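Here the structure is laid out as structure tokens; the discussion comes afterwards.
Residue numbers (this note's numbering): 129 to 527.
Right, here's the structure in full:
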């Protein structure tokens, strides 16, 4: 991914360079996404659903205000060192990526919402607030955490709910902010997209979903026979199916291990480099496939502090060590909380997701008409085609 692509005819130019830096950022974000998938999904029996691009863009705003060791830890955790090799401005790259993903005139509805909420008595630097606005279309809003913490919490939750079509409510739980809270970072993303090939509701039937070797549960299983891109990765005994949304601007990529392979094995093997290799368009066969996919809804909430600390981001949360001197001239600012909540609904028409988006498919192998029968746990990703950015990642263990 390192080379700057040239435009048709061998020319290179500003747009080619912009796409090259977005490639590098997509690699950084993709690496971060799969790291999060492994950490958030350590309990193999639990569903996982989150939006890596939402989390990484919000954290990148905080990174913009960090210096010294605080900044170094964040850069390492977010894999941003991968994207700065070309000497580009990481925040400019994020601006280009978010502009592309949030384009108007698309055949899907996508809303991203990032905001920093700071204690109003803090002296946040105008330059930092201007940069948040410029690169991330995000405002720094000042609230009274000292004497009105509960009102501030409710205000933040209302703001998020309004920007996710009411799908993400109560992002911040009671008592999650208090009078010593100095900075709260929230991020939310909402997606609604329709399948290019919708499932016929009349073909949806109750079928068993194998949660584990000994446990089954009934699900509403959708069915469609149509032409899809599909491949089989022998080294992990896994089928990969691409379900496009209307317009082809977004795809759901589903990784379904065969019945004898544990999903944990697939997760362990999965790196961003392998993900890119396994989902290369020229490796995917266009075939008529019988697809069985459960209808499902997921709503997941995460307090990201524990995961971020595991990834080495410690100083940002500690009063004595945090260095946010690019954000505030006072030396006592630290990050209080990073909250993320994601919602997804997959049905015959398509996908609706807030703070995340997801879809599911599964498989059994038959050579005549390939069957992709998602009747056991699988991984799923929603990817923006042009930038290759992973908008959502999920694992469906139990619909």
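Cβ atoms here follow ideal geometry from the backbone N, Cα and C, with glycine treated the same way.
No experiment lies behind these values; they were computed from the predicted model shown.
Own chain residues within Cβ distance below 8 Å of residue i, not counting five before or after
i, result
"residue 363", "397"
"residue 201", "440, 441, 442, 443, 444"
"residue 229", "181, 238, 240, 512, 515, 517, 519"
"residue 300", "281, 284, 285, 312, 314, 465, 467"
"residue 388", "365"
"residue 376", "324, 513"
Residue i - containing beta strand (DSSP E), residue span
i, result
"residue 385", "378–385"
"residue 449", "Note, residue 449: premise wrong, no beta strand (DSSP E); not H, not E."
"residue 476", "Residue 476 -> no beta strand (DSSP E), and no H or E assigned at all."
"residue 316", "311–322"
"residue 333", "333–338"
"residue 499", "499–501"
"residue 524", "518–524"
"residue 510", "506–512"
Euclidean distance between Cα positions of residue i and residue j
i, j, result
"residue 513", "residue 379", "7 Å"
"residue 374", "residue 244", "34 Å"
"residue 498", "residue 367", "10 Å"
"residue 307", "residue 276", "8 Å"
"residue 311", "residue 325", "44 Å"
"residue 491", "residue 156", "Reliability of the predicted coordinates at residue 491 is poor, the pLDDT of 22 falling under 50, and no value is obtained from them."
"residue 527", "residue 458", "48 Å"
"residue 524", "residue 254", "44 Å"
"residue 291", "residue 264", "15 Å"
"residue 163", "residue 521", "11 Å"
"residue 257", "residue 192", "10 Å"
"residue 152", "residue 199", "19 Å"
"residue 496", "residue 204", "Here the model assigns residue 496 a pLDDT of 49, short of 50, so the residue's position is not dependable, and the following value carries that caveat. Looking at the two C-alpha atoms, the distance is approximately 47 Å."
"residue 509", "residue 381", "5 Å"
"residue 447", "residue 274", "17 Å"
"residue 344", "residue 384", "17 Å"
"residue 463", "residue 262", "22 Å"
"residue 351", "residue 416", "13 Å"
"residue 474", "residue 327", "11 Å"
"residue 347", "residue 297", "26 Å"
"residue 288", "residue 259", "21 Å"
"residue 231", "residue 341", "44 Å"
"residue 392", "residue 249", "47 Å"
"residue 329", "residue 476", "6 Å"
"residue 305", "residue 221", "32 Å"
"residue 505", "residue 353", "21 Å"
"residue 168", "residue 271", "30 Å"
"residue 409", "residue 472", "26 Å"
"residue 219", "residue 154", "13 Å"
"residue 268", "residue 309", "15 Å"
"residue 136", "residue 234", "Bear in mind that a pLDDT of 38 at residue 136, under 50, signals an unreliable position, so the number given afterwards is only what the model happens to contain. So the alpha carbons of these two residues sit roughly 25 Å apart."
"residue 247", "residue 236", "36 Å"
Contact set for residue i: own chain, Cβ-Cβ below 7 Å, skip 5 residues either direction
i, result
"residue 166", "395"
"residue 412", "357, 358, 359, 370"
"residue 455", "193, 252, 253, 256, 461"
"residue 414", "355, 357"
"residue 407", "368, 381"
"residue 424", "474, 488, 524, 527"
"residue 242", "185, 186, 189, 264, 266, 315"
Cβ-based neighbour list, residue i, same chain, cut-off 6 Å, excluding 5 preceding and 5 following
i, result
"residue 159", "207, 400"
"residue 478", "321, 322, 323"
"residue 372", "324, 379"
"residue 450", "198, 443, 444, 462"
"residue 70", "An answer regarding residue 70 cannot be provided, because it is not within the stretch 129 to 527 covered by the chain."
"residue 172", "392"
Cβ of residue i within 7 Å of any chain D Cβ
i, result
"residue 196", "Absent from the structure is chain D; it holds one protein chain and no more."
field: Touching by the beta-carbon criterion (3+ pairs, under 8 Å), the region 432–443 and the region 397–411
entry: At 8 Å Cβ cutoff, the stretches do not touch.
query: Would you say the region 224–234 touches the region 192–211, given that touching needs at least three Cβ pairs under 8 Å?
result: Segments in contact, no.
- request: State whether the region 300–318 contacts the region 177–189, with contact taken as three or more CB pairs (one from each stretch) at a distance under 8 Å.
  value: The answer is yes - the region 177–189 touches the region 300–318, with three or more Cβ pairs under 8 Å.
- prompt: Which ranges would you report for the alpha helix (DSSP H) in the region 361–438 if only whole runs of at least 4 residues count?
  reply: As far as the region 361–438 is concerned, its whole alpha helix (DSSP H) runs of at least 4 residues are 391–397, 400–406, 433–438.
- prompt: Mind pulling the alpha helix (DSSP H) runs of 4 or more residues that sit fully within the region 235–276?
  reply: Residue ranges of uninterrupted alpha helix (DSSP H) with 4 or more members, entirely inside the region 235–276 and ordered along the chain, are 254–264.
- request: Go through the region 162–223 residue by residue and report every complete run of the alpha helix (DSSP H) that reaches 4 residues or more, in order.
  value: Those alpha helix (DSSP H) runs which fall completely within the region 162–223 and span 4+ residues are 180–192, 196–205.
message: Check whether the region 412–429 and the region 171–178 touch, using three or more Cβ-Cβ pairs below 8 Å as the test.
response: Cβ pair count under 8 Å is three or more, so yes.
- prompt: Are at least three pairs of beta-carbons, each pair with one atom in the region 325–339 and one in the region 499–518, less than 8 Å apart?
  reply: Here the region 325–339 makes contact with the region 499–518; the two share three or more CB pairs at distances below 8 Å.
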